[in-house]
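Residues in the sequence shown are numbered from 0 upward in steps of one, following numbering that gives the first Met the number 0.
Backbone N, C-alpha and C define an ideal beta-carbon position, used for all residues, glycine too.
Notes follow once the structure below has been shown.
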Amino acid sequence: MSCSSVMFSLFLLSPCGQDGGGEVSAAVAAAISNPQRPAADLARDANRKPAEVLSFFHIEPGMRVLDLFSGGGYYTELLDSVVGENGEVIAHTNEAYIPFSGQIYQQRYAGGRLKHTATIISEADDLVLGERSLDAALLVLTWHDFLFEDPENGWLAIDESILVEKLCRAIRPGGILGLIDHVANSGGDPASVARDLHRIDPEVVRQSFSDTCFSLEAEAKFLHNGTDDHTLSPFDPSVRGKTDRFIFRFVRNAPS
């Protein structure tokens, strides 16, 4: 092993800092350094900080994890490695997301690459999940998409209250719902902001989960970018991959 590899491993196994996810486990470190990961994924690591994210969401070997609206599968691949042979990842997407994800979606799953992952293609309102079948669910950069509809492009309306109820039934008590999204300025119409800027005010998300089975356990700031003024779409080249993002960790409450 080269000196640089040793230093990288030591970094991964060290604490992430005050607003990070704590100590990075060996399983997470191994997933990130897996030589089979696509080059396109590796290029995104610096801005996505997957070691901190997976640690903050308490992802561990043996878990059953839902990657909801998993897109091209960047996190699905990492989750597949972390949960290992005693765990399972459910990679969900819908028909509208597949062409948007590009060739990486097909390449990701070709030849059974991800041995611990099952794929589901379903609209959110039709999604079927087993009761208390999940240890965790991740929603990465997608909650804003639930606030608007675009039927001309195949994006159907999503009833977020129904989706939250589905997650309440599916995630075991004490399980984790991890959510990341692009920060929007407060005060705008949430649906218009989501449609035009693909962002969401963190307070809107808080309200979506108030009076539900989930409690906001912690939030992290390691994807905060103070130079992002929240006025541009994440697809604008000047901010793409480096938007200001909020990170919420919800815990599934025990039934009363």
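**Item:** Close beta carbons around residue 166, own chain, < 7 Å, minus the five adjacent residues each side
**Value:** Sequence index remark: in the sequence shown, residue 166 carries index 167 (1-based). Scanning its chain for C-beta atoms nearer than 7 Å, with the 5 sequence neighbours on each side dropped, one finds around residue 166 the residues 136, 176, in chain order.
**Asked** Considering only residues of the same chain and omitting the five flanking positions on each side of residue 211, which have a CB-CB separation below 6 Å?
**Response** Position 212 of the sequence shown, counting from 1, holds the residue named residue 211. Excluding positions up to five away in sequence, the list reads 163.
**Request:** Specify the secondary structure class of residue 168 as computed by DSSP and reduced to three states.
**Result:** To locate residue 168, count along the sequence shown from 1; it is residue 169. Residue state for residue 168 is assigned as helix, using DSSP reduced to three classes.
**Message:** Taking the alpha carbon of residue 249 as the reference point, which residue from 33, 56, 110, 39 has its own alpha carbon closest?
**Reply:** Counting from one through the sequence shown, the residue named residue 249 turns up at place 250. Of the candidates 33, 56, 110, 39, the one whose C-alpha sits nearest the C-alpha of residue 249 is 56.
**Message:** Quick check: what's the CA-CA separation for residue 152 versus residue 95?
**Reply:** Within the sequence shown, residue 152 is the residue found at index 153, counting from 1. Within the sequence shown, residue 95 is the residue found at index 96, counting from 1. In this structure, the straight-line span from the alpha carbon of residue 152 to that of residue 95 is close to 7 Å.
**Prompt:** Grouping DSSP H, G and I as helix and E and B as strand, with all else coil, what is residue 247?
**Reply:** Here the question's residue 247 lines up with position 248 in the sequence shown. Residue 247 carries a strand assignment under DSSP once its states are collapsed to helix, strand and coil.
**Asked** Taking the continuous alpha helix (DSSP H) assigned at residue 55, which residues delimit it?
**Response** Translated into the one-based positions of the sequence shown, residue 55 becomes position 56. Segment 49–55, the alpha helix (DSSP H) holding residue 55.
**Prompt:** Do you know whose CA, among 43, 172, 122, lies nearest residue 255's CA?
**Reply:** On the sequence shown, residue 255 is found 256 positions in, with the first residue counted as 1. Of the listed residues, the one whose Cα sits closest to residue 255 is 172.
**Message:** Determine whether the beta carbon atoms of residue 155 and residue 193 lie at a separation below 9 Å.
**Reply:** Within the sequence shown, the letter at position 156 stands for residue 155. Within the sequence shown, the letter at position 194 stands for residue 193. Not closer than 9 Å, so no.
**Message:** Is it the case that the region 118–125 contacts the region 77–97, given that we only count it when at least three CB pairs across the two stretches are under 8 Å?
**Reply:** Yes, they touch.
**Request:** Please classify residue 63: does DSSP put it in a helix, a strand, or coil?
**Result:** What you label residue 63 is simply residue 64 of the sequence shown in a count that begins at 1. It is a strand residue.
**Message:** Considering Cα atoms alone, identify which of 62, 76, 68 is closest to residue 49.
**Reply:** On the sequence shown, residue 49 is found 50 positions in, with the first residue counted as 1. Nearest of 62, 76, 68 to residue 49, Cα basis: 76.
**Request:** Could you check which residue in 42, 37, 44, 80 has the C-alpha nearest to that of residue 27?
**Result:** Counting from 1 along the sequence shown, the entry for residue 27 is found at position 28. Comparing Cα-Cα distances from residue 27 to each of 42, 37, 44, 80, the minimum goes to 80.
**Request:** Can you give me the Cβ contacts of residue 200 inside the same chain, cut-off strictly under 6 Å, excluding the 5 residues immediately before and after it?
**Result:** Taking the first residue of the sequence shown as 1, we reach residue 200 at position 201. Within the same chain, and ignoring the five residues on either side of residue 200 in sequence, the residues whose Cβ sits closer than 6 Å to its Cβ are 183, 185.
**Message:** Buried or exposed, going by whether 16 or more other CB atoms sit within 10 Å of the CB of residue 138?
**Reply:** Here residue 138 is taken as the residue at index 139 of the sequence shown, counted from 1. Classification for residue 138: buried.
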